[in-house]
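Undergrad: Numbering (full-length UniProt numbering), first residue to last: 1 to 679. Positions of the beta carbon are idealized from the N, C-alpha and C atoms, including for glycine. First, the structure itself, so that you have it in front of you.
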Amino acid sequence: MPGDTLPVDLNAAQREAVKYLNGPCLVLAGAGSGKTRVITQKIAYLLRECGYSGRHIVALTFTNKAAKEMSERIRSLVDTRLARGLTVCTFHSLGVRFLREEAEQINLKPQFSIFDATDALAIIQELLATTDKARLRAVQQTISLWKNAMLGPDEAAQRALTPSDEEAARVYRSYEATLNAYQAVDFDDLVRLPVRLLEQNTAVRERWQQRVQYLLVDEYQDTNECQYRLVQLLTGDRAQFTAVGDDDQAIYAWRGATVENLAKLTTDYANLKLIKLEQNYRSVQRILSAANSVISHNPNLFNKRLWSEHGAGESIGVKAIDSDEAEAEWVGLSISGQRFDRRAEWRDFAVLYRSNQQARVLEQALRNLRIPYTVSGGQSFFDKAEIRDVLAYLRLLVNEADDPSFIRAVTTPRRGVGQGTLKTLGQFAATHGISLFEAVFQIGMTEQLAPRQLEPLETFGAFINRIQARAQKDGPDSSAEILDELISAIGYERHLYDTLDERQAQARWQNVLDLLAWLKRKAQEDSLTVIDLVQHVALVSMLERHDEADPDAVKLSTLHASKGLEYPHVFLVGVEEGLLPHMGREDDEQVLAADANMLAARVQEERRLMYVGITRAQRTLTLSWCKRRRRAREDVVREPSRFISEMGLASPVDASPDPQANYSPKERLSALKSLLQKT
DNA sequence: GCTGTCAAAGTTTTT
DNA sequence: CTTTGACAGC
């Protein structure tokens, strides 16, 4: 009888969510209520007892990390053979797969480039011909929101009310044309283009609906309009899917996500099954009470209240400190001391913060105290110059039409190609409707370039062609060789040591080596060709790399990147007005002050972020805020966050910083003990 | 025209 | 501390 082999460690609500297969199902899962367990168990149930083949099940997540973790948990539950063909990936990865297969239907080469936010911004900058960074970001954001709402340039232009939006709509049109010329798509397109094709093409739609017989979606509250449509289109009339989400943890409204998608399910699907998970298995009661108390200041779609069978736990600490440096040091000393007192491991501690920049001081302090740590969040690694340099070569190999990568590769290292040459080449390419790379081989016939300018171009073109031929001739097994050959042929290491001082060159070369090692491992593990690798790398951040390097380390993470994770002991730092809730810069702040609705929405989202932070903690939670914080080059005076008082803490809050002693004698003693123990 | 050197400035959150 | 912007030699 189906269901009898379900593990007994599921509660009634979880069991119901796993076994419900009569159509669409929405699971409202509070923080720590075992939502991942429900998804993984449900997939196991579908595979083992309902005769579903892995090829017909798709589970979607928002981050690669979540996908990886989920995939591993499923594989530990069921036989490898049963899980064969199972798809567990992000919306964007599924989009890449879809577009690779269906590329020709929409006039796209399967080797299309994927442009990240930085690439996209560079295009917009060129189109707008301005260096006003705020304006550029605003236009980019506007275009992105239009895309996620499935509005094309024409519709956007029609709906534009302000001159600013009209300009953005014009840029949008050229931006699309540019991407098309480069055979490139941006992140938003990875979901939008599949949706558009599925809507327009019945045959494609039916093929995919045949393929996706059961769909599961994690973090459903973070879906945008486009992603909602994708779920609808993939599941069709059968509507066999399970969406798991928590409206209180919606923290991506700024990138187009809309919590209303939760409510929309209840109206779009009359037969929607709604299941609430309210029992929390993660945290002690004090932490849950604080979380409940904070979030009760928000209006919400669905009422739920977390409870747990764990004890009350220790009281929540609130520390006021003089400066951000002192805060970082205090956190380090506290962790050091507590690790000793509690006989805990480094990995039991996490330090969470609102913005990436806060990581700097913390890293500095932890380094000084010899505390091992890993930083997660921020795609900074792939934004580093040396990484973008190397990837430009790879992207060009895969897609010759990728002009930005051509420009970057051909000018790094310097090989005598500069602004003037590129301008001539660009004009030639534009009038002939070809890519810069193609233009290299044709411009020689004309007399537009001096031999001095032409020669390095032709050498470069021949070089790329040579590697390209190798990449195409040899199969996926030789990905690693090709990478090595490419890098040594470029002479990138020497370039680094030539242009930088020893220390910097070494650090950057190490980054390149790390990237190569990671790429090679990836290529081997999943037997990927160079094309697969390049498309994969655009979507992934390198969190995995750090996790494996040093498993016993304190975790530093942004609040956003911490979602879905849990730690025994959590330090939440910088809990200050202006930072959490974040209010942007002064000009931004004034815009907000003028619009009460916008301000309220902002504060509510920040409050959910606070809620996410609090609910990461299993046993203890410590908050801190600074009276002064260094921002840019000046100190800013700060007030404690409203969220601290909203937590309804019983004990009086330490609200005034004590300039004399930021460390209590006990804290000092513990820290010292810990240090002594080490030496 | 190409390239390197010097100075300034800059930071929400991410697929 | 690290990435962009302007300027002056080669």
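Just reading off the beta strand (DSSP E) that L26 is part of, what are its end residues?
TA: Taken as a continuous stretch (DSSP letters only), the beta strand (DSSP E) holding L26 covers 25-29.
Undergrad: With 16 other CB atoms within 10 Å as the buried threshold, where does M598 fall?
TA: Classification for M598: exposed.
Undergrad: Would you please state the rounded distance, in angstroms, between the beta carbons of A257 and N224? I believe it to be under 8 Å.
TA: The pair is a contact, with the Cβ atoms about 5 Å apart (cut-off 8 Å).
Undergrad: Can you give the beta carbon distance from E104 to V204, rounded, assuming they're within the 8 Å contact cut?
TA: 11 Å between Cβ atoms; not a contact.
Undergrad: At which residues does the alpha helix (DSSP H) containing W509 begin and terminate?
TA: Start and end: 502-525.
Undergrad: Flag this pair as yes or no: are the beta carbons of R282 and A31 separated by less than 9 Å?
TA: Taking 9 Å as the Cβ cut-off, R282 and A31 qualify as a contacting pair.
Undergrad: According to the neighbour-count rule (16 or more other Cβ atoms, all chains shown, within 10 Å of its Cβ), is S557 buried or exposed?
TA: Buried, because 16 or more other Cβ atoms sit within 10 Å of the Cβ of S557.
Undergrad: To the nearest angstrom, how far is the alpha carbon of Y214 from that of L486?
TA: The straight-line gap from Cα to Cα measures roughly 43 Å.
Undergrad: Do T622 and V554 come within 9 Å of each other at the CB atom, strictly closer than that value?
TA: No, these two residues do not count as a Cβ contact at 9 Å.
Undergrad: Inspect the beta-carbon positions of E438 and I275 and report whether they are closer than 9 Å.
TA: Cβ distance not < 9 Å, so E438 and I275 don't count as in contact.
Undergrad: DSSP on E16, reduced to helix/strand/coil?
TA: DSSP places E16 in helix when its eight states are reduced to three.
Undergrad: Taking DSSP as the reference, what is the three-state secondary structure of R619?
TA: Note: R619 maps to strand in three-state DSSP.
Undergrad: Below 6 Å CB to CB, which residues in the same chain sit around R75 once its five sequence neighbours on both sides are set aside?
TA: Result list for R75: A83, in chain order.
Undergrad: Is D246 helix, strand or coil by DSSP?
TA: Correct three-state label for D246: coil.
Undergrad: Quick check: S645 and V573, are their CB atoms within less than 9 Å of each other?
TA: Contact: no.
Undergrad: Helix, strand or coil: which one does DSSP assign to A469?
TA: A469: helix per DSSP, three-state reduction.
Undergrad: Out of curiosity, what's the CA-to-CA distance linking L234 and V331?
TA: Rounded to the nearest angstrom, the two C-alpha atoms are 47 Å apart.
Undergrad: Can you give me the Cβ contacts of S562 inside the same chain, cut-off strictly under 6 Å, excluding the 5 residues immediately before and after it?
TA: The residues are L352, R616.
Undergrad: Using the beta-carbon count (16 or more within 10 Å), is Q158 buried or exposed?
TA: When all chains shown are included, Q158 counts as exposed.
Undergrad: How about Q338 and L397: do their beta carbons lie closer than 9 Å?
TA: No; because the gap between Cβ atoms is not below 9 Å, this pair is not in contact.
Undergrad: Please state whether DSSP places Q240 in a helix, a strand or coil.
TA: Of the three classes helix, strand and coil, the one that applies to Q240 here is coil, per DSSP.
Undergrad: What residues in its chain sit with their C-beta under 7 Å from that of L121, if we drop five residues either side in the sequence?
TA: Counting only Cβ-Cβ distances below 7 Å, and skipping sequence neighbours, we find L136, Q140.
Undergrad: With C-beta atoms as the reference, is L60 less than 9 Å away from T36?
TA: Contact: no.
Undergrad: Indicate whether Q535 and R100 have their beta-carbon atoms separated by less than 9 Å.
TA: Yes, they are a contact pair.
Undergrad: Considering only residues of the same chain and omitting the five flanking positions on each side of P652, which have a CB-CB separation below 7 Å?
TA: Note that P652 scores a pLDDT of 48, beneath 50, so its modelled location is shaky; the value from the coordinates is reported in the next line. Within the same chain, P652 has no close Cβ partners at all.
Undergrad: Apart from the five residues on each side of it in sequence, which residues of its chain come closer than 6 Å, Cβ to Cβ, to G54?
TA: For G54, where only same-chain residues beyond five positions count, the Cβ hits under 6 Å are A83, R84, G85, L86.
Undergrad: Could you spell out where the beta strand (DSSP E) holding V637 opens and where it closes?
TA: Note, V637: beta strand (DSSP E), 634-637.
Undergrad: Determine the burial state of G51: buried for a count of at least 16 other Cβ atoms within 10 Å of its Cβ, exposed for fewer.
TA: The residue in question, G51, is exposed, as its Cβ has fewer than 16 Cβ neighbours within 10 Å.
Undergrad: Whole angstroms is fine: what's the gap from L449's alpha carbon to G420's?
TA: Approximately 10 Å, taken between the alpha carbons.
Undergrad: From the DSSP output, which residues share a beta bridge with K555?
TA: DSSP lists A350, T374 as partners of K555.
Undergrad: Taking all protein chains shown into account, decide if E72 is buried (16 or more other Cβ within 10 angstroms of its Cβ) or exposed.
TA: By the neighbour-count rule (16 or more Cβ atoms within 10 Å), E72 is not buried but exposed.
Undergrad: Just grab the DSSP bridge partners of K319 for me.
TA: S624, per the DSSP bridge assignment.
Undergrad: Would L483 and A538 be called neighbours here (beta carbons separated by less than 9 Å)?
TA: No, they are not a contact pair.
Undergrad: Nearest-angstrom Cα distance between L128 and G95?
TA: Whole-angstrom Cα-Cα distance: 29 Å.
Undergrad: Beta-carbon separation of N460 and A409 under 9 Å?
TA: Residue identity differs from the one stated: residue 460 is Phe in this sequence, not Asn. For F460 and A409, yes; Cβs fall inside 9 Å.
Undergrad: Identify whether I275 lies in helix, strand or coil by the three-state DSSP scheme.
TA: I275 falls in the strand class under three-state DSSP.
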